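Participant: Can you keep this structure in mind? I'll have questions shortly.
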Amino acid sequence: MSELNAPAGAPFFHYDGAQLMAESVSVSELAARFGTPLYVYSRAALKAAWESYAQPLTNRNALVCFGMKANSNLAVLQQFAQWGSGFDIVSGGELARALKAGARPDTIVFSGVGKQDWEIEAALQAGVKCFNVESTDELERISLIASQLGCTAPVSLRVNPDVDAKTHPYISTGLKDNKFGIAIEIAAEVYQRAAVLPGIRIVGVDCHIGSQITQIEPYLDALERLLNLLDTLAGLGIRLEHLDIGGGLGIRYQDETPIAPALLLDAVFAMLESRGYDYLQLVLEPGRSLVGNAGILVTRVQYLKHHESKNFAIVDAAMNDLLRPTLYDAWHGVLPVLCPTDASHTAQSRVYDIVGPICESGDWLARDRQLRLQQNDLLAIESAGAYGFVMSGQYNTRPRCAEVMVDGDQTYLIRPRETVEQLFASEQMLPV
Ligand SMILES: *Cc1c(COP(=O)(O)O)cnc(C)c1O
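UniProt numbering puts the last residue of the sequence shown at 432; the count rises by one with no breaks.
Structure representation (structure tokens):
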């Protein structure tokens, strides 16, 4: 099999003969045991992705904070916490999850444009490493709440450096017109305000310019602008402890060439050293690149429909299980779980749209894929470890999928499939 045809999650997802395997476990066995649709993660793939950051950071003053909105299953968070990861959270719910999974509060950074009072209070009480503040209003609110609680909030300003991350507009966040961050032109002013506010301790600066980024230049452009800001701040007597360059490194879905973290980190450290800022702790917030290719979504073909100009494979997974195709027009690889090489598989190869059972034309998972399919075949939707299960919902009163984690020849059920009853158990009818 050529490199490009190898599974995106290789070598952790690979073929043993005609059988798709997750590490040492056959994916068809998983489907038989846990049913479909089913999210399957590889622990070894998570570890390898973690090491791709941890290795180049050995002996560096740095902290990786997993952007946990990409995949927040407790078992996934628990692994990262054990390996020494911090967490980038965007809600009070994520704070609770991270703590439950064993995160150290002083490794948690709190991002997000709309932090509510209860979330700010909970983060202060937990003792997070810092608030990545995204507006002056938010800064004033944090100051007020911290003062009322009689504590001090560590803050970093999320600066919007106005660079184009050259990615999908929905996941580009570092441009002037995005809702994120504080415009770099006024950042020094806001730092000066922060310096005199009660209950506030300035600790850092951060930016996050987008997601699925496959070029280094946007990062270096953003970093250069942040360092220029730090020069200005130094002149104002404001000194920081850390610099956070956010997340956003891309993965291979189709034919992208992702940047190795080591390559980016070398360039970042070189720039920090040349500008005299290597005393700063470097913080990173990778999400997708730590989990994306560590997961697949396994689904079973229900029906085949052959129209004049289109062939449809109707599968048991849908947009409620994996939203990315319909939300971002995202491309995910589709692999047969059992390669149809047997004489028993008589189906001819056709071009299919892989669609779900939901009553929406947007309910598709992949388009125009050359496949040999017959009813009840299993398919694996690749690169589903990031922004997969976490974005899933219950539209059409469909229970959310089960999630399993494979570790060598062991399999752990890390979230059982929801039951139909659970979906409306807390709803109340009106009195009759
Ligand atoms: C989403 C997000 C991340 C993670 O982004 P990836 O593209 O998944 O690496 C990191 N930081 C912030 C502030 C985010 O919103």
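For each residue, glycine too, the CB sits at the ideal point set by N, CA and C. Just so you know, these numbers come straight off a predicted model, no measurement behind them.
Please report the distance separating the alpha-carbon of L335 from that of A384.
Facilitator: For L335 and A384, the distance between alpha carbons rounds to 12 Å.
Participant: What did DSSP end up calling C65 once you bin it into helix, strand or coil?
Facilitator: If DSSP states are grouped into helix, strand and coil, C65 belongs with the strands.
Participant: Considering just the uninterrupted stretch of the beta strand (DSSP E) at R372, what are its terminal residues?
Facilitator: Start and end: 364-372.
Participant: At what residue ranges does the segment 137-209 contain a whole run of the beta strand (DSSP E), taking only runs of 3 or more?
Facilitator: With a minimum length of 3 residues, the continuous beta strand (DSSP E) runs that stay inside the segment 137-209 are 153-160, 200-206.
Participant: Step through the CB atoms of chain B and report whether any lies within less than 8 Å of the CB of A386.
Facilitator: Looking for chain B here will not work: only one protein chain is present.
Participant: Nearer than 7 Å: is that true of the beta carbon of P286 relative to any heavy atom of ligand 1?
Facilitator: Correct: P286 has its Cβ closer than 7 Å to ligand 1.
Participant: Looking at the secondary structure, which residues open and close the alpha helix (DSSP H) in which K305 lies?
Facilitator: Run containing K305: none in the alpha helix (DSSP H); it sits in the beta strand (DSSP E), 295-306.
Participant: Closer than 6 Å by C-beta to R350: which residues in its own chain qualify, once you throw out the five before and the five after it? Chain order, please.
Facilitator: These residues qualify, in order along the chain: N311.
Participant: If the criterion is Cβ atoms closer than 8 Å, does the pair A146 and G199 meet it?
Facilitator: Yes.
Participant: Give the range of the beta strand (DSSP E) segment to which F312 is assigned.
Facilitator: Here the beta strand (DSSP E) through F312 covers 311-315.
Participant: Does any heavy atom of ligand 1 sit closer than 7 Å to the C-beta of G247?
Facilitator: Within the cutoff, so yes.
Participant: Which of the three DSSP states is assigned to M319 in this structure?
Facilitator: It is coil, neither helix nor strand.
Participant: Below 8 Å between beta carbons: does that hold for G86 and I108?
Facilitator: In contact: G86 and I108 (Cβ atoms closer than 8 Å).
Participant: At the level of alpha carbons, what is the spacing between L413 and N320?
Facilitator: So the alpha carbons of these two residues sit roughly 21 Å apart.
Participant: Assuming F87 is part of the beta strand (DSSP E), what are its boundary residues?
Facilitator: Counting along the chain, the beta strand (DSSP E) containing F87 begins and ends at 86-89.
Participant: Rounded to whole angstroms, what's the CA-CA distance from C339 to A18? Just pull it up for me.
Facilitator: Distance between the alpha carbons of C339 and A18 is about 5 Å.
Participant: Under three-state DSSP, which class holds T411?
Facilitator: Looking at T411 - three-state DSSP - the assignment turns out to be strand.
Participant: With 16 as the cutoff for other CB atoms within 10 Å, does C65 come out buried or exposed?
Facilitator: So C65 ends up on the buried side.
Participant: State buried or exposed for N5, treating a residue as buried only when at least 16 other CB atoms are found within 10 Å of its CB.
Facilitator: That one is exposed.
Participant: To the nearest angstrom, how far is the alpha carbon of F34 from that of S26?
Facilitator: Their Cα atoms are separated by approximately 12 Å.
Participant: Between the Cα of R369 and those of F80, I354, H242, E134, spot the shortest distance and give me the residue it belongs to.
Facilitator: It is I354 whose Cα lies nearest to the Cα of R369.
Participant: Write down the C-beta distance between Q281 and N59 rounded to the nearest angstrom, noting that I regard them as a contact closer than 8 Å.
Facilitator: In fact, because the Cβ distance is near 13 Å, the residues do not count as touching under 8 Å.
Participant: Do V128 and R158 count as a contact pair if the criterion is CB distance below 8 Å?
Facilitator: Their beta carbons are not under 8 Å apart, which means R158 does not touch V128 by this criterion.
Participant: Do the segment 224-237 and the segment 358-372 make contact, defined as three or more Cβ pairs closer than 8 Å?
Facilitator: No, they do not touch.
Participant: If you reduce the DSSP assignment to three classes, tell me which class T419 lands in.
Facilitator: T419: coil per DSSP, three-state reduction.
Participant: Pull up the distance between the alpha-carbon of L197 and that of G150, whole angstroms please.
Facilitator: Rounded to the nearest angstrom, the two C-alpha atoms are 14 Å apart.
Participant: Short check: CB of A22 to CB of V315, under 8 Å?
Facilitator: Contact flag unset, no.
Participant: Find out if the Cβ-Cβ distance for the pair Q55, A262 is shorter than 8 Å.
Facilitator: Yes; because the gap between Cβ atoms is below 8 Å, this pair is in contact.
Participant: Where does F424 fall in DSSP's three states?
Facilitator: In the structure shown, F424 sits in a helix (DSSP, three-state: H, G or I).
Participant: Taking the beta carbon of A81 as the centre, do at least 16 other beta carbons fall within 10 Å, making it buried, or is it exposed?
Facilitator: Burial call: buried.
Participant: Using the beta-carbon count (16 or more within 10 Å), is Q79 buried or exposed?
Facilitator: So Q79 ends up on the buried side.
Participant: Have a look at E185 and D164 and give me their C-alpha separation to the nearest angstrom.
Facilitator: Rounded to whole angstroms, E185 to D164 spans 16 Å at the Cα level.
Participant: Have a look at D329 and L322 and give me their C-alpha separation to the nearest angstrom.
Facilitator: Those two C-alpha atoms are separated by around 12 Å.
Participant: Please give the ranges of any alpha helix (DSSP H) in the segment 77-137, keeping only runs that are unbroken, at least 4 residues long and fully inside the region.
Facilitator: Complete alpha helix (DSSP H) runs here, min 4: 92-100, 117-126.
Participant: Helix, strand or coil for I27, going by three-state DSSP, please let me know.
Facilitator: What sits at residue 27 in the sequence shown is Val, not Ile. Note: V27 maps to helix in three-state DSSP.
Participant: Would you call R239 buried or exposed, if buried means 16 or more other Cβ atoms sit within 10 Å of its Cβ?
Facilitator: By the neighbour-count rule (16 or more Cβ atoms within 10 Å), R239 is not buried but exposed.
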